[in-house]
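Basically the working numbering = 1-based index in the sequence shown + 8.
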Amino acid sequence: MERVLVRLHPSESVASLGIPVVGYVAAGFPSPAQDYLEDKIDLNRELIRNPAATFLARVSGISMSGDMEEGDLLVIDRSLPTKHDAIALCFLNGEFTVKRVHQKKDRVFLMPTNKLFPVIEVEEGGELMIWGIVTYIIKNARHT
């Protein structure tokens, strides 16, 4: 299993800041409505539903390439239930890892998106805790 360094930051420690919103932008043809600004939005309100149960973490490792990359910021909500195919921060046998959770009958599999990494089947008696559900992945569009 790929070791993942997880530094958790409570969302309540993140300062609130209003950022102007351009509105919707066309990803195809230009829109004549591009010149109109909407009100400001607060990213805390937009991304965090339950501040007391929400944490931020940075991605370290490549086992989830495709969904997330090294350095991406994860918004993790501990109050959400686990659903099939959810991306979750898992605590497995004493180590943190971020994976998609697949449930088949009474078996649980932790699925990487990078095909170079193996699927992890949680063995009977294995210690798995779904620590929280990833609700947003914030990417740096200027990765080099």
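Just so you know, even glycine gets a beta-carbon here, dropped at the ideal spot from N, CA and C. What you are looking at is a predicted structure, and each value in this text was computed from that prediction instead of being measured.
Three-state class that DSSP yields for R66 in the structure shown: strand
Taking the beta carbon of V106 as the centre, do at least 16 other beta carbons fall within 10 Å, making it buried, or is it exposed? buried
In terms of residue numbering, what span does the beta strand (DSSP E) encompassing R108 cover? 103–112
Looking at the unbroken alpha helix (DSSP H) that takes in L51, where does it start and where does it end? 51–55
Beta carbon of I84, beta carbon of F63: below 8 Å? For I84 and F63, yes; Cβs fall inside 8 Å.
V109 vs T90 beta-carbon contact at 8 Å: Judged by beta-carbon spacing, T90 lies within the 8 Å limit of V109, meaning their Cβ atoms are closer than that value.
DSSP-derived helix/strand/coil call for A61: Note: A61 maps to helix in three-state DSSP.
Could you check how far apart the C-beta atoms of N122 and S73 are, in whole angstroms? I think they sit under 8 Å. Correct: roughly 4 Å between the Cβ atoms.
Bridge partners for R150 per DSSP, in chain order? R150 is not bridged to any residue.
The beta strand (DSSP E) spanning R86 covers which residue range? Where R86 is concerned, there is no enclosing beta strand (DSSP E), given that its DSSP letter is neither H nor E.
Could you give the DSSP three-state label for E135: helix, strand or coil? coil
So what's F99 in DSSP terms, helix, strand or just coil? Three-state DSSP puts F99 in a strand.
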